[in-house]
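Note sheet for the following structure.
There are 2 protein chains.
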Amino acid sequence: MSTHDIPAYMAQLGQAARAAATAMARAGTRAKNDTLLALARLLREQTQALQADNARDIAAAEAAGLAAPMVDRLRLTPKVLATVAEGCEQLAAMPDPIGEITGVKRRPTGISVGQMRVPLGVFGMIYESRPNVTIEAASLAIKSGNACILRGGSEAIHSNLALWKLVQQALTEAGLPATAVQLVETTDRAAVGHLIAMPEFVDVIIPRGGKGLIERISAEAKVPVIKHLDGNCHTYVDAEVDIAQALVVTDNAKTQKYSPCNATESLLVHEKSAATFLPQIGAIFAAKGVEMRCDPAARAILSDVPGAKLAEASEEDWATEYLAPIISVKVVASLDEAIDHINRYGSHHTDAILTTNHPNAMRFLREVDSASVMVNASTRFADGFEYGLGAEIGISTDKFHARGPVGLEGLTSMKWIVLGQGETRA
Amino acid sequence: MSTHDIPAYMAQLGQAARAAATAMARAGTRAKNDTLLALARLLREQTQALQADNARDIAAAEAAGLAAPMVDRLRLTPKVLATVAEGCEQLAAMPDPIGEITGVKRRPTGISVGQMRVPLGVFGMIYESRPNVTIEAASLAIKSGNACILRGGSEAIHSNLALWKLVQQALTEAGLPATAVQLVETTDRAAVGHLIAMPEFVDVIIPRGGKGLIERISAEAKVPVIKHLDGNCHTYVDAEVDIAQALVVTDNAKTQKYSPCNATESLLVHEKSAATFLPQIGAIFAAKGVEMRCDPAARAILSDVPGAKLAEASEEDWATEYLAPIISVKVVASLDEAIDHINRYGSHHTDAILTTNHPNAMRFLREVDSASVMVNASTRFADGFEYGLGAEIGISTDKFHARGPVGLEGLTSMKWIVLGQGETRA
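Given below as structure tokens:
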């Protein structure tokens, strides 16, 4: 297809996707699983060839002076390829979400009413750098019976094109339409503007990238967006708590990895636990070079910790996702204050309470208005694989449709089915 | 509150709703049910007073020369008030959707992961004329633990204000915030523009009215819209069919009432059944004065029916929701042709197959891309009450979030809960 005329090109992709979506919705479980297994095989067979294509992107990125971590995210190492191939095999082994019929109940009129799970139709995926997302998105589309249009980062275009060819080959081998997964072949940024504004062809947009990109797409999209903004996650240490356990969990939630959206960015400690808990977690953070931005009460307690990097927290700190070795720390007088603080400053992503008090655990679960709420566990668990979804196309910070980690079910909808024997309405 | 400065007034409503939503999310089942029962009692006690307020709207409507059916839709007769009071009592008797915990499963890491149903937060409802919608929306908000802002038609303003006062009284009696249900007290149309563009205060908009209103709101809203566009519903009579039953069901689907969105607007008949079925249904339609807009094959068969009002169907007819004694009629060569026709021209609302063939019934259920798909039942059954949802805030023609009749569950979201014993991520 010619990519010269962007509006015409995008409309062509859209039309082809809409037609493919009908075929994919009808596709049998075996054909979808065969595609995934063929794709896994091809990824393993073609590892060397894929690395050659990937090398072109790496060379261009290095020539353009991209920072080393950015270049690393581009790399299709044999390990990365083995992981995505395994992901395809795991998806093939999962139950087919499509066609599930639930809740069929007889009504007094004689009809039976229930629901059937069906694909959403066509999704558009907009992502940056990491080319393995191409396979993750394609494999989720295939298993969930949707068609998709993928728009990856321009710096990964050669890698994405090479991966996409394997996806098309796998679809064709299994007798499914190659157009079920399409890649935008141009790096022209105008293509994104069209992709998010074709409600006749695209049912939902899933962006993955920085907050700025996602806000821009959400503001301009003419279709629903499954969006993930920021993860300002909290760990709250209650008045009654197993201190030794709380130290291990809080440490893990903050320091196991600094960059993920589910890492804890703010620590709230009940005043009854503060004198015992804060100096010990402070020492752990000090040893790992984690800066603590504190309210006055926390700072007073932490000031005795040798080597602690302390600062005063500003109003802005309470609302900040650092993605870095920095944490905000506040002493609270009650569970209520903790819940209010989290609902006010948090990003409704993931928040945890560490407590031995059952009523407090239950109130936290009910009243914290976040996609994931946890008791006595590290916020780092908020993840589609950890939740058993098999795979994750993203994490939603919205309440509408999908919330939290989005797996196969987030790409489906439930339609109503009515089974009658000639009933009429009175 | 002063309604003079519309932006400030709407922001005040929004702030109050957001605060009330937190209280409503925490409200106990008993307080919510007590509110609904108090409201039912007040509606019965105040029937006479309500009719006096209603009379002001009726008089103004008649003075303004509104058509008689429009005036009728305004009327709060004792029967209408008894019905909404009963609706409140039925809602009180239903299980509380909030707090439901489902699917908790242990993961290999030791954490248990499940989901908890919670309110969406604040919804805005925009509706025309019928004042009983004020009570329907308020009662659904109360039971589902949401706050709401209601904007009714200007021609029903006195009725709506009177009904709303009873809602506030019931909330106060049960110890819940009166601001959980707010009514926009001005008829200034600028208020709608603000209501649909306050994502900080309003989580979702539910419009009820004509297609034009809903398209305008959807285009301009800055929050998700649960929208109901048109209902171009089909009844398809298959090759293998119980003709006597098909006649009764098709007649009911079209003529039981012409105005509802779930009435059948288009009849598809397999060519093998056409010669038997069409003359008989044609005679029934002729007797009721239903005009038939036909393709050539159907017209040829129907031309012998005495008194039949026949016309040639245009391309536009296949996509038209008549809401009138008119039906489009087409003979198809196969189930495939029927499904393709429905998916192409239908509005994805409700479509039915009448058949005795099991594989055809199952294919129709799977492949027709509509909110409700039916076998051997009248399309008129597509309704929240008929489906057992207890009440209906609207019917969604979207696939995202809620699809088809929207009851209490459509006003909720599922958040993830994680129950641990000090687990950390490796």
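Those protein sequence lines, which keep their order, are chains A and B. Residue numbering for the first sequence is 1 to 426, as defined by the UniProt record's numbering. Residue numbering for the second sequence is 1 to 426, as defined by the UniProt record's numbering. Note that the Cβ used here is the ideal one computed from N, Cα and C, for glycine as well. Keep in mind the model is a prediction, meaning the values are calculated, not measured.
Local conformation of residue i per DSSP, three classes
{"i": "residue 345 of chain B", "result": "helix"}
{"i": "residue 100 of chain A", "result": "coil"}
{"i": "residue 393 of chain A", "result": "coil"}
{"i": "residue 187 of chain B", "result": "coil"}
{"i": "residue 18 of chain A", "result": "helix"}
{"i": "residue 301 of chain B", "result": "helix"}
{"i": "residue 10 of chain B", "result": "helix"}
{"i": "residue 111 of chain B", "result": "coil"}
{"i": "residue 212 of chain A", "result": "helix"}
{"i": "residue 228 of chain B", "result": "coil"}
{"i": "residue 154 of chain A", "result": "helix"}
{"i": "residue 65 of chain A", "result": "coil"}
{"i": "residue 312 of chain A", "result": "strand"}
{"i": "residue 267 of chain A", "result": "strand"}
{"i": "residue 406 of chain B", "result": "strand"}
{"i": "residue 354 of chain B", "result": "strand"}
{"i": "residue 237 of chain B", "result": "strand"}
{"i": "residue 376 of chain A", "result": "strand"}
{"i": "residue 296 of chain A", "result": "helix"}
{"i": "residue 1 of chain A", "result": "coil"}
{"i": "residue 105 of chain B", "result": "strand"}
{"i": "residue 279 of chain B", "result": "helix"}
Within chain B, the residues that residue i reaches when beta carbons sit closer than 9 Å
{"i": "residue 424 of chain A", "result": "248, 249, 251, 252, 253, 256, 377, 378, 380 and 381"}
{"i": "residue 216 of chain A", "result": "Correct list: empty, because the minimum Cβ distance to chain B is about 14 Å."}
{"i": "residue 121 of chain A", "result": "369 and 399"}
Limits of the unbroken beta strand (DSSP E) element including residue i
{"i": "residue 327 of chain B", "result": "326-332"}
{"i": "residue 196 of chain B", "result": "Neither: residue 196 of chain B is in no beta strand (DSSP E) and is coded neither H nor E."}
{"i": "residue 147 of chain B", "result": "147-151"}
{"i": "residue 127 of chain B", "result": "122-127"}
Within chain A, the residues that residue i reaches when beta carbons sit closer than 7 Å
{"i": "residue 334 of chain B", "result": "Here the premise fails: no neighbours, minimum Cβ distance about 15 Å."}
{"i": "residue 374 of chain B", "result": "418 and 420"}
Within chain B, the residues that residue i reaches when beta carbons sit closer than 8 Å
{"i": "residue 107 of chain A", "result": "386, 387 and 388"}
{"i": "residue 413 of chain A", "result": "399, 400 and 403"}
{"i": "residue 99 of chain A", "result": "366"}
Beta-carbon separation (whole angstroms), residue i vs residue j, contact threshold 8 Å
{"i": "residue 70 of chain B", "j": "residue 61 of chain B", "result": "7 Å"}
{"i": "residue 263 of chain A", "j": "residue 379 of chain A", "result": "7 Å"}
{"i": "residue 99 of chain A", "j": "residue 116 of chain A", "result": "7 Å"}
{"i": "residue 304 of chain A", "j": "residue 331 of chain A", "result": "At roughly 15 Å, the Cβ-Cβ gap does not stay under 8 Å, so residue 304 of chain A and residue 331 of chain A are not in contact."}
{"i": "residue 138 of chain B", "j": "residue 167 of chain B", "result": "5 Å"}
{"i": "residue 391 of chain A", "j": "residue 87 of chain A", "result": "6 Å"}
{"i": "residue 415 of chain B", "j": "residue 372 of chain A", "result": "7 Å"}
{"i": "residue 341 of chain A", "j": "residue 268 of chain A", "result": "6 Å"}
{"i": "residue 113 of chain A", "j": "residue 388 of chain B", "result": "6 Å"}
{"i": "residue 255 of chain A", "j": "residue 288 of chain A", "result": "5 Å"}
{"i": "residue 183 of chain B", "j": "residue 161 of chain B", "result": "7 Å"}
Boundaries of the alpha helix (DSSP H) in which residue i is found, first to last residue
{"i": "residue 288 of chain A", "result": "First-last for residue 288 of chain A: undefined, no H or E at that position."}
{"i": "residue 88 of chain B", "result": "78-93"}
{"i": "residue 164 of chain B", "result": "157-173"}
{"i": "residue 415 of chain A", "result": "Per DSSP, residue 415 of chain A belongs to no alpha helix (DSSP H); it is in the beta strand (DSSP E), 412-423."}
{"i": "residue 364 of chain A", "result": "358-367"}
{"i": "residue 251 of chain A", "result": "243-255"}
{"i": "residue 33 of chain B", "result": "29-45"}
{"i": "residue 133 of chain B", "result": "132-143"}
The ligand COA heavy atom lying under 7 Å from the CB of residue i
{"i": "residue 214 of chain B", "result": "Questions concerning the ligand COA fall outside what the structure shown contains, since it holds no ligand whatsoever."}
Contact set between residue i and chain A, taken where Cβ atoms lie within less than 8 Å
{"i": "residue 26 of chain B", "result": "366 and 367"}
Per-residue contacts from residue i into chain B (C-beta, under 7 Å)
{"i": "residue 111 of chain A", "result": "377 and 381"}
{"i": "residue 116 of chain A", "result": "365"}
Within chain A, the residues that residue i reaches when beta carbons sit closer than 9 Å
{"i": "residue 245 of chain B", "result": "421 and 422"}
Which of the residues in the segment 69-81 of chain B, read from start to end, lie with their CB under 8 Å from any CB of chain A?
Within the segment 69-81 of chain B, not one residue has a Cβ closer than 8 Å to any Cβ of chain A.
Practice item. Quick one: which residues of the segment 198-227 of chain A get their C-beta closer than 7 Å to a C-beta of chain B? List them in chain order. Key: Going along the segment 198-227 of chain A in chain order, one finds 203, 204 and 224 with a Cβ nearer than 7 Å to chain B.
- Task: May I ask you to list, following chain order, the residues of the segment 233-244 of chain A that have a beta carbon less than 8 Å from some beta carbon of chain B?
- Result: Under the 8 Å Cβ criterion, the segment 233-244 of chain A contributes 242.
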